[in-house]
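Since the structure comes first, as structure tokens, the remarks are kept for the end.
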Amino acid sequence: MKDNRYVLERALKLQQSGDYDAAETDLRELLRLDPKNCDALHLLGLCYHARNQNEEALVWLEKAIETQPGEAMFLANAGLVTMALGAPEEAVVKFEAALRADPTHSESYNNLALVRERQGRLMEASVLLEKAIALNPRSALAYSNQGNVLRGLGQIEEAITAYREAIRLVPQLAPAYNGLGNALREKDRRQEAVAEFDKAIALDDNYAEAYFNRAMTHAAQGETALADAGLTRALEIRDDARFRIAQAGLMPVIPASTGDIALWRARMAERFENTLRDIDSAAGDPTQVLAMSFYLAYHGENDRSLMESLARFYRRLYPDLTWEAPHCVSPVPCAGRSIRIGVLSRYFGEHAVTWMTYGLMAGLPRDRFNVIAVTFSGEGENISPRITDAADGVVIIPKDIQLGREAIAAQSFDILLYADIGMEPLSYYLAFARLAPIQCVTWGHPDTTGLETIDYYISNDLAEPENGQESYTEKLVRLDGVQSWYPRMRRPEQLPNREFLGLPEESGFYLCPQNSIKIHPEMDAALAEILELDETGRLVIFDSADPNWTRLLLARWEAVFGDKLERVHVLSQRSLDDFLGVLAIADVVLDTWPFGAGNTNYQTFAMGVPVVTLPGQWIRGRGTLAHYQHMGIEGCIAESPEEYVEIAVRLGTDPDFRRNISQKIGDKAAAVLEDEVCVRSLARFLEEVAP
1 MKDNRYVLER
11 ALKLQQSGDY
21 DAAETDLREL
31 LRLDPKNCDA
41 LHLLGLCYHA
51 RNQNEEALVW
61 LEKAIETQPG
71 EAMFLANAGL
81 VTMALGAPEE
91 AVVKFEAALR
101 ADPTHSESYN
111 NLALVRERQG
121 RLMEASVLLE
131 KAIALNPRSA
141 LAYSNQGNVL
151 RGLGQIEEAI
161 TAYREAIRLV
171 PQLAPAYNGL
181 GNALREKDRR
191 QEAVAEFDKA
201 IALDDNYAEA
211 YFNRAMTHAA
221 QGETALADAG
231 LTRALEIRDD
241 ARFRIAQAGL
251 MPVIPASTGD
261 IALWRARMAE
271 RFENTLRDID
281 SAAGDPTQVL
291 AMSFYLAYHG
301 ENDRSLMESL
311 ARFYRRLYPD
321 LTWEAPHCVS
331 PVPCAGRSIR
341 IGVLSRYFGE
351 HAVTWMTYGL
361 MAGLPRDRFN
371 VIAVTFSGEG
381 ENISPRITDA
391 ADGVVIIPKD
401 IQLGREAIAA
411 QSFDILLYAD
421 IGMEPLSYYL
431 AFARLAPIQC
441 VTWGHPDTTG
451 LETIDYYISN
461 DLAEPENGQE
471 SYTEKLVRLD
481 GVQSWYPRMR
491 RPEQLPNREF
501 LGLPEESGFY
511 LCPQNSIKIH
521 PEMDAALAEI
531 LELDETGRLV
541 IFDSADPNWT
551 RLLLARWEAV
561 FGDKLERVHV
571 LSQRSLDDFL
581 GVLAIADVVL
591 DTWPFGAGNT
601 NYQTFAMGVP
611 VVTLPGQWIR
621 GRGTLAHYQH
631 MGIEGCIAES
641 PEEYVEIAVR
651 LGTDPDFRRN
661 ISQKIGDKAA
671 AVLEDEVCVR
681 SLARFLEEVA
691 P
């Protein structure tokens, strides 16, 4: 017995150090002499589990349980292996048996929580983890897992606290750093997130998930080359479909040049074709990785073919995305009752999507429509009062594809209107399903979805080019009026002075208030030329949502602007009132091309400030054109980059011309603000297509 104990202790040390082959040799020799040594049987099962040979692992663990049926640890580890084999309900049986054997076995609560998390039963998982922590307050693993569950529930700050406690208890716990990095990334604290992923990788150089998550964070920062290298390393460790998809779908946030855009678009098309050929299907949650197709819209190209290819790719790789709500099989006619319409978006907080959507929702006649806002768990507590006031009700759905679509299906909507598709993963993947008899999308993200399950793209007649249908897989709907019912914002009583903003009083103030991702490389030379012609002029931009985007943009401008870069001013992001104040004192606002202003246009025209625009080929670059046409104002619409520069400089240097345009905007802005024509046109369309 003494020798057996010595061999067992040595095997345990070998197993803990990762030398599984040597541990197995010792354990098999021990079992030859003592075939019913339950500890040796158990440890041998763990060796096989560590090598991902789970079927063999379960055989040895079951033998250990036969020898000692009441040992909670054996039952709990058998449950873990069963879960790894893809049998969650069988794993639950083993974990529950472990808890019957020992109601104080905290690891079984922890492991049972893992199953419930994977099943999407997050609240139940959280309660189980609370029990595990109460039984063992020093369980770093339980805190780390609680962080994962809280993150899934959208409770990001609470998740961060849980991860930090896990790290305090066990500073060597790599998964806790990885989880903390993911939570920080969700708060857009990307630089901090990268630092946490670095720590996880330093602890475990073969931690594929940490390499993957760091790469995705680098991609979001615009560091595409770093993201590419990180994904290559993750794939070296483990060939995972998610890693391949992410690498195929990389796209620069701030392109270095027009050639850079062409290169990455071609690479995306080629890599997805290759990946589709190599992989038949993928397991897991597709929302964990999505091609950066969001940025395609900013390139000024027709994205229809590429978006169709992506949709086919995902539908083949994740066949479970194809799903139909029961009430869509035989829709109940709307005759004699209100049309029940759901309007879905993650971005119903203080976001541009809210400002562009809530007026349409509020304006639909309530004798004919019942309007329900739909958003995700974790977003519901931040929902704007504009949305709650505009809707007849709000539905919060789980941040899970299967549970989310079941929750939407339960509402039995006649029409489901996505306020945006393509800005984040969950709404995109939900849209693969048929959740209402009629499904539409509108201009929260002005690009086609490529999905045959989306029937209509609701757009605007004046803003769409004659050949607009060519860019959509959906049937194009051209509403009358402007793009939205948008409130007239009041000019702030207290306006900032130029000195406060760091600008000379006597200089042209050229404001480009758009997100830096809209500033296409084609614009660079024109912006530099404005400063060349107005020798005292100042180009003003706002810092990006991610400061690294601003850094990349300014780095791109160095070669084009030369010493004129000294007259580029970057303002920090501001509250809405302060932002309106900056708009109000600008001499001219510079629209971007080929992706122009949307939300900002309404705000700028409410301030009576001229906008110079060069219309793009597709609707995303033609909103300002449509607004000027509605107002009947000429003089600020360019037909070439050269004319764009000419108009901008004239507005910046000719006070009389500027005042004349501003006066016209002040007199006629009512044509684009609080537009009831658009609402009436939308209501007519929805009534026509309702079942």
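Position 425 of the sequence shown, counting from 1, maps to 425 under this note's numbering, and the rest follow consecutively. Glycine is no exception: its CB is placed at the ideal position from the N, C-alpha and C atoms. Since the structure is predicted, the reported quantities are computational estimates derived from the model, not experimental observations.
Is the beta carbon of A669 closer than 8 Å to that of A606?
Residue 606 sits at position 606 when you count from the first residue of the sequence shown. Residue 669 sits at position 669 when you count from the first residue of the sequence shown. Yes, the Cβ-Cβ distance between A606 and A669 is below 8 Å.
Tell me the residue span of the alpha helix (DSSP H) that contains V679.
By 1-based counting over the sequence shown, the position of residue 679 is 679. Here the alpha helix (DSSP H) through V679 covers E676 to V689.
Which of helix, strand or coil does DSSP assign to Q221?
Within the sequence shown, numbered from 1, the residue matching residue 221 stands at position 221. Q221 falls in the helix class under three-state DSSP.
Do the region 297-315 and the region 388-406 touch if we need at least three Cβ pairs shorter than 8 Å?
The region 297-315, when compared against the region 388-406, does not touch it at the 8 Å Cβ threshold.
Does DSSP classify V645 as helix, strand or coil?
By 1-based counting over the sequence shown, the position of residue 645 is 645. If DSSP states are grouped into helix, strand and coil, V645 belongs with the helices.
Which one of S106, A11, G300 and L552 has the shortest CA to CA distance from A256?
The residue labelled residue 256 in the question sits at position 256 within the sequence shown. Nearest option by C-alpha distance: L552.
Which residue spans inside the region 612-666 form an unbroken beta strand (DSSP E) run of at least 3?
Here no run is fully enclosed.
Could you round the C-beta distance between I341 and F376 to whole angstroms and report it? I think they count as a contact, below 8 Å.
For the purposes of this step, residue 341 is taken as the residue at position 341 of the sequence shown. For the purposes of this step, residue 376 is taken as the residue at position 376 of the sequence shown. Actually they are not in contact, since the Cβ atoms of I341 and F376 sit about 18 Å apart, beyond 8 Å.
Indicate whether V611 and W485 have their beta-carbon atoms separated by less than 8 Å.
Along the sequence shown, one-based indexing puts residue 611 at 611. Along the sequence shown, one-based indexing puts residue 485 at 485. Result no, Cβ atoms of V611 and W485 do not sit closer than 8 Å.
Could you give the C-beta distance for L583 and Q603, rounded to a whole number, given that I count them as a contact under 8 Å?
On the sequence shown, position 583 is the one that residue 583 refers to. On the sequence shown, position 603 is the one that residue 603 refers to. Correct: roughly 6 Å between the Cβ atoms.
As a quick exercise: from I156, W549 and G652, pick the residue whose alpha carbon is nearest that of A219.
Sequence index remark: in the sequence shown, residue 219 carries index 219 (1-based). That would be W549, whose Cα lies nearest to the Cα of A219.
Considering only C-alpha positions, which residue in the set L590, T449, D102 and A113 is nearest to P88?
Numbered from 1 along the sequence shown, position 88 holds the residue referred to as residue 88. Out of L590, T449, D102 and A113, A113 has the C-alpha closest to the C-alpha of P88.
Less than 7 Å between the CB of Q119 and some heavy atom of the ligand NAD, yes or no?
In the structure on display, the ligand NAD does not appear, and there are no ligands present to speak of.
Pick out whichever of A559, P691 and R567 has its Cα sitting closest to the Cα of I541.
In the sequence shown, residue 541 corresponds to position 541, counting from 1. If we check each option's Cα against that of I541, R567 comes out closest.
Which whole-angstrom value describes the C-beta separation of F243 and T322, a residue pair presumed to lie in contact below a C-beta threshold of 8 Å?
If you number the sequence shown from 1, residue 243 lands on position 243. If you number the sequence shown from 1, residue 322 lands on position 322. Actually they are not in contact, since the Cβ atoms of F243 and T322 sit about 24 Å apart, beyond 8 Å.
For the alpha helix (DSSP H) containing L58, list its first residue and its last residue.
Start at 1 with the first residue of the sequence shown, and residue 58 comes out as number 58. Start and end: N54 to T67.
Kindly indicate which three-state DSSP category G468 falls into: helix, strand or coil?
Translated into the one-based positions of the sequence shown, residue 468 becomes position 468. Residue state, collapsed to three classes: helix.
Quick check on C334: does DSSP put it in helix, strand or coil?
Position 334 of the sequence shown, counting from 1, holds the residue named residue 334. Coil at C334, not helix or strand.
Between the beta-carbon of S471 and the beta-carbon of T448, is there less than 8 Å?
Position 471 of the sequence shown holds residue 471. Position 448 of the sequence shown holds residue 448. Yes; because the gap between Cβ atoms is below 8 Å, this pair is in contact.
Please identify the residue among N37, L80 and T67 whose C-alpha is closest to the C-alpha of Y48.
Position 48 of the sequence shown, counting from 1, holds the residue named residue 48. Cα-wise, what sits closest to Y48 is L80.
What does DSSP give as the partner residue(s) for I341 in the beta ladder?
As a position in the sequence shown, residue 341 is number 341, starting the count at 1. V371 and I415, per the DSSP bridge assignment.
Would you kindly work out how many angstroms separate the C-alpha atoms of M1 and A248, rounded to a whole number?
As a working mapping, residue 1 is identified with position 1 in the sequence shown. As a working mapping, residue 248 is identified with position 248 in the sequence shown. In this prediction, M1 scores a pLDDT of 47, lower than 50, which makes its location untrustworthy; the coordinate-derived value is nonetheless stated afterwards. Near 58 Å, if we compare the C-alpha coordinates of A248 and M1.
Is it true that the region 455-462 meets the region 317-333, where meeting means three or more beta-carbon pairs spaced less than 8 Å apart?
No, the region 455-462 is not in contact with the region 317-333.
With DSSP collapsed to three states, give me the class of Y109.
The residue you call residue 109 lines up with position 109 of the sequence shown. Note: Y109 maps to helix in three-state DSSP.
Expressed to the nearest angstrom, what Euclidean distance is found between the alpha-carbon atoms of V494 and A419?
Sequence index remark: in the sequence shown, residue 494 carries index 494 (1-based). Sequence index remark: in the sequence shown, residue 419 carries index 419 (1-based). The sequence shown places Gln at residue 494, not Val. So the alpha carbons of these two residues sit roughly 34 Å apart.
In terms of residues, what are the limits of the beta strand (DSSP E) holding L321?
For the purposes of this step, residue 321 is identified with residue 321 of the sequence shown, where counting begins at 1. From DSSP, L321 is part of no beta strand (DSSP E); its letter is neither H nor E.
How is I454 classed by DSSP in three states: helix, strand or coil?
Numbered from its first residue, the sequence shown carries residue 454 at position 454. Coil, per DSSP.
So which of I619, G616 and K664 has the shortest CA-CA distance to Y628?
Taking the first residue of the sequence shown as 1, we reach residue 628 at position 628. Of the listed residues, the one whose Cα sits closest to Y628 is K664.
Does the separation of the CB atoms of T161 and L135 fall below 8 Å?
Numbered from its first residue, the sequence shown carries residue 161 at position 161. Numbered from its first residue, the sequence shown carries residue 135 at position 135. Going by C-beta atoms, T161 is not nearer than 8 Å to L135.
With DSSP run on the structure shown, which of helix, strand or coil describes I541?
Taking the first residue of the sequence shown as 1, we reach residue 541 at position 541. Of the three classes helix, strand and coil, the one that applies to I541 here is strand, per DSSP.
Do the region 640-660 and the region 522-535 make contact, defined as three or more Cβ pairs closer than 8 Å?
These segments touch.
Hey, M523 and W593 are a contact pair by Cβ (cut 8 Å); roughly how many whole angstroms apart?
On the sequence shown, residue 523 is found 523 positions in, with the first residue counted as 1. On the sequence shown, residue 593 is found 593 positions in, with the first residue counted as 1. Between W593 and M523 the Cβ distance is about 6 Å, and since that is below 8 Å, they are a contact.
To the nearest angstrom, report how far apart Y358 and A373 are at their CA atoms.
Sequence index remark: in the sequence shown, residue 358 carries index 358 (1-based). Sequence index remark: in the sequence shown, residue 373 carries index 373 (1-based). If I take the Cα positions, the gap works out to 10 Å.
Please state the DSSP three-state secondary structure of D239.
For this step, residue 239 is matched to residue 239 along the sequence shown. Looking at D239 - three-state DSSP - the assignment turns out to be coil, as it is neither helix nor strand.
Do the region 567-581 and the region 256-267 make contact, defined as three or more Cβ pairs closer than 8 Å?
Contact between the region 567-581 and the region 256-267 is absent, because fewer than three Cβ pairs lie under 8 Å.
DSSP three-state label for L476, please.
Along the sequence shown, read from residue 1 onward, the residue named residue 476 stands at position 476. In the structure shown, L476 sits in a strand (DSSP, three-state: E or B).
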